[in-house]
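Worksheet: one structure, shown below.
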Amino acid sequence: MSSQPGVRTYTTEDYIAQANELTDLMGADWLAAHSARPHRDTHAIALWLEQYRNTPPEGLSRSQQLLQIGELMFNIQALRDAGTQNLETRIDDLRLDDPDRVSSAIHEIRVAAEYVQSGRRVLFIPEASVQTPDLLIDDCLEVECKHKSRASQQDKNRFELYRILSRKLRAAFPERVTHSALLLDAIFHIEPRREFIDRIVATAREGLGRPQPSQFSETSDSLFTANFRILPAGSGPTALALPRGDTEFDLRSTEAIAVDQNGTLGRFINLNVGCEVRQDRVKSIIRSIKSAASQFSGRYPAIVSVDISAITASGRGESLAYLHEGILAALNSRTTISRVELSTTHFIEEGEGQAYCTSIEVIDNPKARLPIGGS
């Protein structure tokens with residue numbers, strides 16, 4: 007077992023055994039009916055099993071699909087060992103041809119297993135004619151699980167423009183430029199457009215072409231504000247680190263194109279870019295939290311667990327700007343919610359292989375009628 011919180015690692019043989027268990031659980035007829043075919047979306051679990059079967063033995067220690075299979079089956083086994091009521095209804099949901107419901111069932115099973123493994127008693131609450139939460143913990147805590155799975159086309163277009171900006175800034179900082187760094191903070195007041203990107207790049211290129219370091223801005227009151235700072239040779243950083251924590255920026259990136267003989271990063275670009283229009287994925291998370299409030303009884307403290315793995319930061323500096331601000335604003339008038347937990351499941355390097363890690367960010371509701379003790 008790993009000592010890192012949220013990480014469970016086993017031997018490759020353990021995972022292979024769990025893959026066989028999942029194959030039996032889903033059933034041969036179901037797997038045959040859901041095998042990959044042209045022009046048809048493949049069921050997530052069927053795809054995991056097919057990719058696992060197609061992985062050569064020497065590659066299994068780094069198979070992400072095998073890790074996903076193992077995590078699901080270890081969670082199911084923990085719940086079965088604990089005698090968790092109504093588990094089979096969630097297992098039945100895993101076979102559905104509804105991708106969102108399948109992902110939601112995986113998340114609900116994961117959350118329930120985490121409680122069981124910490125010594126709590128869990129009940130899956132049956133579906134009813136009235137809205138109810140998903141889990142009851144120790145007869146004194148309610149949990150509603152939400153899963154966010156889609157990125158909107160507008161969000162995709164926005165981040166593609168940000169990537170274009172980053173590429174064009176690199177091209178505007180050629181080797182002949184003697185300055186060491188370009189620092190740029192840009193905020194769009196409306197949804198960004200390509201012509202805004204081109205204006206910002208042209209201003210950066212002009213500033214980099216001047217012999218002296220400088221600090222300047224390019225603004226359009228209703229469109230965007232861009233603040234530039236150009237540092238002289240030898241004054242760049244010696245290490246790269248992205249800032250952490252809440253931010254108004256959608257994307258924060260830092261990179262160096264060259265390193266001088268003193269170890270100072272040259273042609274260093276630090277880019278912070280955002281938009282006052284909230285990302286669709288941020289608005290979607292907040293809507294989910296708002297909708298959960300009516301599902302709680304009001305008799306017990308209540309947690310909304312939101313799986314944001316599919317839409318969270320990509321590892322390239324992307325951020326969910328204004329998310330915390332929006333969640334706290336939503337909680338202000340939804341006092342039945344005691345806490346929001348943002349869950350992100352991702353792969354990490356561990357030794358010569360990988361592990362599947364779940365990170366949970368906790369946001370307590372300062373206005374909750376029933377706060378969660380010990381928070």
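Numbering-wise (the numbering used here), the sequence shown opens with residue 7 and increments by one.
Just so it is clear, CB atoms sit at the ideal spot from N, CA and C, and this is done for glycine as well.
Contacts around residue i, its chain only, beta-carbon distance under 8 Å, and the 5 residues preceding and following it disregarded
i: residue 114; result: 96, 130, 140, 141 and 151
i: residue 42; result: 48, 52, 53 and 56
i: residue 228; result: 195 and 196
i: residue 377; result: 307, 344, 370 and 371
i: residue 164; result: 197, 198, 256, 281 and 285
i: residue 288; result: 326, 327, 328, 329 and 332
i: residue 161; result: 285, 286 and 287
i: residue 382; result: Here the chain comprises residues numbered 7 to 381, so residue 382 is not present and cannot be evaluated.
Residue burial classification, residue i (beta-carbon count within 10 angstroms, cutoff 16)
i: residue 154; result: buried
i: residue 215; result: exposed
i: residue 241; result: exposed
i: residue 60; result: exposed
i: residue 309; result: buried
i: residue 363; result: buried
i: residue 303; result: exposed
i: residue 85; result: buried
i: residue 379; result: exposed
i: residue 35; result: exposed
i: residue 64; result: exposed
i: residue 184; result: exposed
i: residue 122; result: buried
i: residue 145; result: exposed
i: residue 134; result: exposed
i: residue 290; result: buried
i: residue 208; result: exposed
i: residue 355; result: exposed
Start and end residues, alpha helix (DSSP H) containing residue i
i: residue 160; result: 159 to 177
i: residue 209; result: 200 to 214
i: residue 80; result: 70 to 87
i: residue 18; result: 18 to 32
i: residue 299; result: Where residue 299 is concerned, there is no enclosing alpha helix (DSSP H), given that its DSSP letter is neither H nor E.
i: residue 331; result: 329 to 337
i: residue 98; result: 93 to 99
i: residue 57; result: 50 to 59
i: residue 256; result: Element bounds for residue 256: n/a, residue is neither H nor E.
i: residue 183; result: No alpha helix (DSSP H) holds residue 183; DSSP gives it neither H nor E.
Residue i and residue j closer than 7 Å at C-beta
i: residue 233; j: residue 204; result: no
i: residue 167; j: residue 217; result: no
i: residue 325; j: residue 351; result: no
i: residue 327; j: residue 253; result: yes
i: residue 171; j: residue 275; result: no
i: residue 286; j: residue 158; result: yes
i: residue 18; j: residue 67; result: yes
i: residue 211; j: residue 178; result: yes
i: residue 353; j: residue 71; result: no
i: residue 143; j: residue 126; result: yes
i: residue 235; j: residue 189; result: yes
i: residue 202; j: residue 222; result: no
i: residue 301; j: residue 90; result: no
i: residue 277; j: residue 259; result: yes
Endpoints, the beta strand (DSSP E) within which residue i is located
i: residue 153; result: 147 to 153
i: residue 142; result: 141 to 143
i: residue 106; result: Per DSSP, residue 106 belongs to no beta strand (DSSP E); it is in the alpha helix (DSSP H), 105 to 123.
i: residue 324; result: Unbroken run through residue 324: none, as it is neither H nor E.
i: residue 227; result: That residue, residue 227, is in no beta strand (DSSP E); it is neither H nor E in DSSP.
i: residue 4; result: The structure shown has nothing for residue 4, since the chain only spans 7 to 381.
i: residue 351; result: 345 to 356
i: residue 283; result: Segment: none, residue 283 is in no beta strand (DSSP E) and carries neither H nor E.
i: residue 128; result: 128 to 130
Nonlocal neighbours in the same chain, by C-beta distance under 6 Å from residue i, ignoring five residues either side
i: residue 116; result: 81
i: residue 298; result: 150 and 310
i: residue 132; result: 92
i: residue 261; result: 275
i: residue 147; result: 306 and 307
Cβ-based neighbour list, residue i, same chain, cut-off 7 Å, excluding 5 preceding and 5 following
i: residue 107; result: 99
i: residue 333; result: 292, 295, 346 and 369
i: residue 340; result: 296 and 299
i: residue 375; result: 341 and 342
i: residue 373; result: 337, 338 and 341
i: residue 279; result: 168, 171, 192, 255, 256 and 257
i: residue 317; result: 154, 157 and 287
i: residue 200; result: 167
i: residue 283; result: 196 and 197
Check your understanding: Any chance the stretch 356 to 371 sits against the stretch 336 to 348, with 3 or more Cβ pairs inside 8 Å?
Key -> yes
Review point. Does the pairing of the stretch 17 to 34 with the stretch 67 to 81 give three or more beta-carbon distances under 8 Å?
Key: yes
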